[in-house]
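Trainee: This is the structure, below, for whatever I ask next.
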Amino acid sequence: MQELKEKPEVTGSVLVVGGGIAGMQASLELANAGYLVHLVTEAPSIGGKMAQLDKTFPTNECAMCLLGPRMTDTLNHPNIRLYTCSSVEKVEGQKGHFRVRIRQRPRYINIDECTACGDCEQVCPVRVPNAFNEGRGERKAVYKLFPQAVPNKYLIEKRGIPPCRSTCPAGTNAQGYVALISQGKFAEALEVVRRRMPFAGICGRICHHPCETECNRGQFDEPVAIAWLKRAAYDYGWEEAQEKEKESYRPRQARPEKVAIVGAGPAGLTAAQDLALEGFQVTIYDALPSPGGMLRAGIPRYRLPLEVVERETQRILNLGIRFVSNTRLGKDITLEELRSQYQAVILAVGLQKSRLLNIPGAELKGILPGLDFLRQVAQGEKVKVGRRVVVIGGGNVAMDVARTARRLGAEEVHVACLESRKEMPAHSWEIEEALEEGIILHNSWGPKRFLGGSEVEAVELMQCTRVFDEEGRFNPQYNPEVTTTIPADTVIVAIGQAADLSFLSEPSGIRTAKGLIAVDPVTLATDVPGVFACGDVVRGPSSVVEAVASGHEVAETVKRYLNRQDLKEGRETPRQEKLGPPDNVIPFPVRRLKQRMAPPEERVQDFREVYLGYTPEMAQEEARRCLNCGICSECLQCEAVCQKKAVEHWQTEKYEDLTVGSIILAPGFELFDAKLAGEYGYGYYDNVVTSMEFERFLSSTGPTQGHVERPSDGKVPERIAFIQCVGSRDCEGEGSPYCSAICCMYSTKEAIIAREHDSRIKPTIFYLDMRSYGKNFDKYVEAAKQAGVRYVRAMISRVEEDPVTKNLIIQYFDGEKIVREEFELVVLAVGVRPPQEAARLAEICGIELNPYGFARTPEWQPVATTKEGIYVAGAFQGPRDIPETVVNASAAAACAGRDLAPARNTLVRPKEYPPERDVSSEEPRVGVFICHCGINIAGVVDVPAVVEFARKLPYVVYAENNLYTCSQDTLKKIKDIIQEHRLNRVVVASCTIRTHQPLFRETLREAGLNPFYFEMANIRDQCSWVHRQEAEKATEKAKDLVRMAVAKVIKHEALHLQPVPVVHAALVIGGGVAGLTAALTIADQGYDVYVVEREEELGGYARNLRFTLEGNDIQAFLKDLIERAKSHPRIKIYTSAQIEEFGGHQGHFVTTISQGAPGREHIRRTLKLEHGVIIVATGIREASTSEYGLGQDPRVITNTQLEQELADGSFDIQAHKEIVFIQCVGSREGERLYCSRTCCAQSLKNALKIKELNPEAKIYILYRDMRAYGFMEDYYRKAREVGITFIPYDLAAKPVIRQREIGLLEIEVKDPSSGKDLVLWPDRIVLALGAVAPEGIQGLATLFKLPLNEDGFFVETHAKLAPIDFPSAGIFLCGAAHSPKSISEAIAQAQGAAARACTILAKDHLLVGGVVAVVDENKCAACLTCVRVCPYSVPRINERNVAEINPVQCQGCGTCAGECPAKAIQLQHYKDSQLLAKVAGLFREV
Amino acid sequence: MLFGYYPGCSLHSTAVEYDASTRAIFEALNISLKEIPDWNCCGATSGHSLNMYLSHSLSLRNMVLAEGVASRLVVPCAACYNALRSTQAFLKSGAKEAEKLQEDIRFSIGQEYKGMLEVHHLLEVLGTPKIISLIKEKQKVSLSGLKPAAYYGCLLTRPPKVVNFEANAEQPQSMDRLLKVLGAEPVSWSHKTECCGASLSIPAPEIVEELVRKIVQAAVRAGANVLVTACPLCQTNLDSRQPENYNLPVLYISEVVALALGISAPWLNKHIIDPSPVLKTCNLF
């Protein structure tokens, strides 16, 4: 037991958080090394920020093309489980055994069913800014993150219930129908209204629309005219909707239960509709001859025409509802009778009585109750009013009465009310329209008495001093002394309504309260079982929409009652907080559109409708003002259109608990919010954009399809300014003090690509220091200069906008004078910020962050966090570019895997393929797939024409074009087509076999075809890209290339890979920091390692270094590292050793080394080592120079010499009061055009050390660009703070050193800030010499057949995504052998290389062969040609005296096949017959 | 609502129209302004340029007196506002010198600063949602047709961490928002926070002329028919140093609000550039 506790079982799975390039790399590395990976990403697709990029530096390759295969590999890997839209909620446990809780947010689309056909997107009416395009352009509420999204599935974005919908008493989905109206879909809109509101035409006219009060648009200008739009849905959607609802708007079933409803007003009708749809037998009783209640008999026709009421009430009755007219409850039929005939009774009788005044003269003739007056007028009775009418009351009924009286011919209509104008309960628009019609308002007057004989002659009013008391209750106070008298022929009293409850006999048992029927507030049930009530008779006077709401509620109760269900369960929902407008919404400034109205002087003549509604066009325009607060409006159009029924609006969050052994955090990074740098006017000036926005402009899937257009007018901006360091290297403002490390390069790239897109563009980059410190970066910047990109070293303090042209003016100092320059577009190089989730993730995982919010990692363990078992990858560790991200991710995978080595291969399963079809005897059936590659190909080549052409080629049975052939859905489609058309050969015409052939071959395997029945035509790199200007000729060439590919593929044969055993050992060449770290990382995973070091001692170049910028002791670290390597049981170290011979292949190499005896190099013993992989870590050495008097004057020393002096205490403080550092000695010029990357840091650390020893020392650093990238910037800033002087110099005016006769060492340099030549007399001059490749590297490279660049550094497979791989499988690269780098960078790379190596070592067998050379023994003359020419020394003459080529060792280069004079050697897959067919294809002889 | 009121020297002399219009709009809005009794000069440019101690002590005395009037103080002059806020920041910094200053004030006037005073610039007060809705309610005249270039100057917004009440010190919006609410159409331009040259108007008028030229030309190019400021010195410089052939009226924000509230404005004739022709075209005069 004790032992078990100490060695807890480890779990062979890893959690990777983040789906960007780091997360994918780490996942693939681990999955290939035998671990199960759970990849969790917040985003709906993997790909991360790289997916947003157009191209990558320094090779200008299409980012999506690099990423696509990597994303597909990740998705398809059998050992990777992908969780999109997910986040980590909880982490418990420790290294080897973590318990993790994952929260998966709903996509509202079933991703197992979704085929990404896009039908839902087509019908979705909601358009929102496209966040993937940085807010430029629009997308729908249902969307894919980007066209090539992986998984290629849609999702729906929801924010919640918008306030318009949550405020509506009836719950009408306002956003839904408004969105549909914006698309001109009136019938669909009407259908959405009717889900909760059967009276669209009525409410569209008379609703008091509380939704508009809550509408978020009101915060910006005016609320959306929601009610008027509802009317438009009715006005323009009625006929079509009637047709559409024939099937749906009818009882769902037939139920025998009978329900009686008393009152055919809006509440009763709504309840009737709901119950009739449920299938119940519904009868409505009403005292009036026709249905509608107050809609028909109360609301004047000028507000609500009769036709509308008739149409909407009849529609409900048509459900099979029996309407019993002219039947008054209590008079014509009793409640008891109803109860005996029906299972349920609903009382919806409304408020039928007008309140009257009890004051002197109330009995006089000519005083009318308001409601009776309106009812009589509505029913067409002749109602006479006098010349002068006085209306008492300030509510909506009073307004209706007054305006009706006016229409009946009253010449003067007065309205007297207690309230002040502001307190009046009538809606403001009713009051305003009444005033327009000449109604005279008397506010703050209460009726004292009516005057007259038998007929009323006048009204005496007294002053009302206050209406409401302190607590807001209605409690009017009068001053009877102040009075006024208005003469009147007719007085109409409209001071309130009351229920007529005379039908309730004593023993009915129905309780009343305050003159209304008392009910349960939730269920609306009365005290008598089976009797329910709704509408005004329950809640007092209210609106139509509230009556409808009440009708729905009572119907729900009755339904439950008749189904014998609980009446209350689940119905009391708490009120939710109001949903605000979407973030970052900038509403276009359009005010609400006024609807047309009849002019007052005409409309008072009769009862014509006052409101004339919108035209369809106006309605669409107004609807477009909606901010779509909920994003998805739940209009359900997508659900209707989806053939696969994949739309699931009901989805909810899910939680999943996982157990994992290690955790890798790779949440990526955010970009600085450019608005915070207000001086550049981002967000205020149209033509100031961020670098990521510009990247999207360049991308063919971006908002402008790859055309560079400026936002203000869509014109091509010829003069573009790039402003660097926006939000970076910023100590005072809102930005970050550190350097974002990538912006110099990405701006350079964007400038080059912009010019490639349009040669009229003249980019200018304003920068502080050009930090192109990476491999080949300086050459890239030089190439940019050659290509016409202008670089200006200047800090830009502000951008001005010309308000007329929208051009931007930048003012800067060019070294001599102030320049004002105008640009058409400004691109802000926004910096890198820690990822949004950083703080939350750190807390959940219990790891520490650095002061800037990135993960805190120890210097010597660059991917470790402060918690064991949790590692970081990518930019979470600090700003970095893609290759470093990939390296880091591999390193994190190595560390995570190292912890779990005992559990390797315990949770994974091998990928299964369908059995391979034997097609050797079939006639060729070729399928051709031609790629648009966005506009990469289709922008030049006429792709459909090529497809047509391909179709006619012999043996071609299928041809088609695809936007992106490598996208996941297309790959799936190819598989289907292979099966459907029984294809046995496939040609893809797209990009390059280098990146994409493996992907397509895999697709063939998955379709049951041998992967070698595949051929690719490169119509992009070799056609559209190089023939941009000649579209027609390019199309012809594309056809030729396709024909060649078809001709060759016909001749293809199935090839099978051979399993060969893997030797579980690694050879590490180089015993420096990188080599030893790689060795330890591999050995810790349980594999043997041989370390071969040329020197007598281990340690490499780091032996010359003493302390780091952070202050750590390098020698102590090195000693520990060497100790650990020496004592590791699986590591065998050979010092004083060199490589003699090399052979074999990945999985099984054989290397012969010789080792000299200590002190006696010439006595050597030879050893043969067998191993499965090789890691090249040959390191670097310091450059030498004779420049600046090094070696001639002892006062001139190197940086490394100074470091030694400072570390061992021999540096004489007193003798060195003034010191000058010179940077870039021999670097970035002449023979050595690269940057040595480490010298700026070295000079900073030495200079700071001197200042620490002697704060009085004067230190000058003469530099070209201070490359203190990333967090190193802190030390650069500190150096300036402690008084170190930095003087930039130009290559054309390098510092000059002179020795004065008096013995002074003099140095002269031009100071650009003053324009003067500066002369210094230092005690010491320290030279930063830079680094060069070690001696003898050429020989080593030749022996291993590895490529070197012109600087003597090894060339990796791919600068971006394969930075530690070699083209020769099984050989990996790390440390300074790749390019100069710091110790921690070398450690990360070494760990990364170890991870790459372990993907091979983890396997027992490798599959090799396939494309190899085969000898026809009958033709072989044993001439030895092949033996001599083979660069890998594979062929040998065997015992039968013929040449033999081991297929496992053969690299498939084909050299022997080309040279063999007897044509006895054929390279599989590139046989003479196949290539001749291809050549014949070129010459149209297929 | 009661505000303490610190007009400063300008509003009692060169900028009396700023003072009068400010008082008039507060009266119309039913908000009481109570002038600090016995206030002193803030020291302005000469004070803080030559003697920080003097500058802070002048402001601190005003703050002590203001605290006796109301918890909130309205300051229409941008320079006075800047001086007061700088002194507040200085006191808050907890520096030894700040403690000494507190002691000195206690000794010399027998009262001490409790640190409870809220110092607001006039524009800040007018820009609060509550006051904006009050103004909107009392508005009698729409400012439609008026195309103001809202000019904030430098003292209102800088240094951002000390004085600023704007979300974005480089792109201030509060005056634009207020003007928009009143029906005017403020223009979009880049010179909102340019320096007008301030007190250099006396010793080096040519510098001020150059700076004013840039501001006025930019406003005209943006389509403005009036400049609106919230600083007496800006108003004076912009009104008096415009280049030849330029006649862009320069109004205080308080004067513009007064126009919207329908207050008759006897002070408008005090401007050097007569605003009446422009105001007439907008039916505001």
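Protein sequences appear in the order of chains A and B. Numbered per my numbering, the first sequence spans residues 1 to 1486. Numbered per my numbering, the second sequence spans residues 10001 to 10285. From the three backbone atoms N, C-alpha and C, an ideal C-beta is built for every residue, glycine too.
(1) Could you give the C-beta distance for Q877 of chain A and A855 of chain A, rounded to a whole number, given that I count them as a contact under 8 Å?
(2) Nearest chain B C-beta to I723 of chain A closer than 9 Å, yes or no?
(3) Thinking C-alpha only, which one of A:S633, A:A1390 and A:I492 is nearest I156 of chain A?
(4) Please return the same chain residues whose Cβ sits closer than 7 Å to the Cβ of L4 of chain A, not counting the five positions on each side in sequence.
(5) Determine the closest residue to E10210 of chain B out of B:A10222, B:C10195 and B:A10079, with distance taken between C-alpha atoms.
(6) Output the residue ranges of the beta strand (DSSP E) runs that lie fully inside the region 1253-1285 of chain A and measure 3 residues or longer, sorted by chain position.
(7) Going straight from the alpha carbon of Q10111 of chain B to that of I631 of chain A, what length do you get?
(8) Does DSSP put I1465 of chain A in a helix, a strand or coil?
(9) Apply the 10 Å Cβ neighbour rule to C931 of chain A and answer buried if 16 or more other Cβ atoms are within range, or exposed otherwise.
(10) Does chain B have any CB closer than 9 Å to the CB of V799 of chain A?
(11) Does the pairing of the region 517-536 of chain A with the region 343-352 of chain A give three or more beta-carbon distances under 8 Å?
(12) Can you give me the C-alpha to C-alpha distance between A1268 of chain A and F722 of chain A, rounded to a whole angstrom?
(13) For K10138 of chain B, which residues in the same chain have their Cβ closer than 8 Å to its Cβ, ignoring the five residues on either side in sequence?
(14) Within the chosen definition, does the region 511-526 of chain A reach the region 175-183 of chain A through at least 3 CB pairs nearer than 8 Å?
(15) Using the three-state DSSP reduction, which class does G1189 of chain A fall into: helix, strand or coil?
(16) What residues in the region 343-364 of chain A bring their beta carbon closer than 8 Å to a beta carbon of chain B?
(17) Between which two residues does the beta strand (DSSP E) harbouring Y767 of chain A extend?
(18) If you run the structure through DSSP and keep just helix, strand and coil, what is K158 of chain A?
(19) Give the DSSP-derived three-state secondary structure of C62 of chain A in the structure shown.
(20) So for C124 of chain A, helix, strand or coil by DSSP?
(21) Could you check whether I720 of chain A and E1557 of chain A sit closer than 9 Å to each other, using their CB atoms as the reference points?
(22) When you compare only the Cα positions, how much space is there between E460 of chain A and P582 of chain A?
(23) Within 10 angstroms of the Cβ of F10107 of chain B, are there 16 or more other Cβ atoms? Answer buried if so, exposed if not.
(24) Could you tell me whether any Cβ in chain B is nearer than 9 Å to the Cβ of K5 of chain A?
(25) Which term fits K1478 of chain A, buried or exposed, when burial requires 16 or more other beta carbons within 10 angstroms of its beta carbon?
(26) Under 9 Å between the Cβ atoms of Y108 of chain A and Q651 of chain A?
(27) Give a yes or no on whether the minimum CB-CB distance between S502 of chain A and chain B is below 9 Å.
(28) Just tell me which of A:T659, A:C168, A:V390 and A:G93 has its CA closest to the CA of V14 of chain A.
(29) Do you know offhand how far L1248 of chain A's Cα is from I1114 of chain A's?
(30) Suppose the cutoff is 6 Å on Cβ atoms and the five residues either side in sequence are ignored; what does the same chain contact list for Q567 of chain A look like?
(31) Would you please verify whether the beta carbon of G10145 of chain B is less than 9 Å from any beta carbon of chain A?
(32) With 7 Å as the C-beta to C-beta threshold (strictly closer), list the residues of the region 676-699 of chain A near chain B in chain order.
(33) Alpha carbon to alpha carbon, how far is A10149 of chain B from E617 of chain A?
(34) DSSP state of H10048 of chain B, grouped into three classes?
(35) Can you list, in chain order, the residues of its chain whose CB lies under 6 Å from that of T485 of chain A, leaving out five sequence neighbours each side?
(36) So, is the C-beta of V10216 of chain B closer than 9 Å to a C-beta in chain A?
Mentor: On the basis of the supplied data:
(1) 5 Å
(2) no
(3) A:S633
(4) Residue placement at L4 of chain A is flagged as unreliable, the pLDDT there being 39, under the threshold of 50; a coordinate-derived value is accordingly withheld.
(5) B:C10195
(6) 1258-1263
(7) 59 Å
(8) Three-state DSSP puts I1465 of chain A in a strand.
(9) buried
(10) yes
(11) Per the Cβ contact rule, the region 517-536 of chain A is in contact with the region 343-352 of chain A (3 or more Cβ pairs under 8 Å).
(12) 21 Å
(13) In the same chain as K10138 of chain B, and ignoring 5 residues on each side of it, the C-beta atoms closer than 8 Å to its own belong to A10028, L10029 and L10261, in chain order.
(14) Three or more Cβ pairs closer than 8 Å define a contact, and the region 511-526 of chain A falls short of that threshold against the region 175-183 of chain A.
(15) For G1189 of chain A, the secondary structure class from DSSP, reduced to helix, strand or coil, is helix.
(16) none
(17) Counting along the chain, the unbroken beta strand (DSSP E) around Y767 of chain A starts and ends at K762 to Y767.
(18) K158 of chain A: strand per DSSP, three-state reduction.
(19) strand
(20) coil
(21) Examination of residue 1557 of chain A is not possible in this model, given that chain A is present from 1 through 1486 alone.
(22) Looking at the two C-alpha atoms, the distance is approximately 55 Å.
(23) exposed
(24) Note on K5 of chain A: pLDDT 38, under 50, position unreliable in the model; no value is reported.
(25) buried
(26) In this structure, Q651 of chain A lies closer than 9 Å to Y108 of chain A by Cβ.
(27) no
(28) A:T659
(29) 17 Å
(30) The question names Gln, but residue 567 of chain A in the sequence shown is Leu. Apart from the 5 residues on each side of it in sequence, L567 of chain A sits with its Cβ closer than 6 Å to the Cβ of T523, T557 and R560 in its chain, given in chain order.
(31) The beta carbon of G10145 of chain B does not come within 9 Å of any beta carbon belonging to chain A, so the residue lies off that interface.
(32) G678, E679, G681 and Y684
(33) 36 Å
(34) Three-state DSSP puts H10048 of chain B in a helix.
(35) A458 and E460
(36) no
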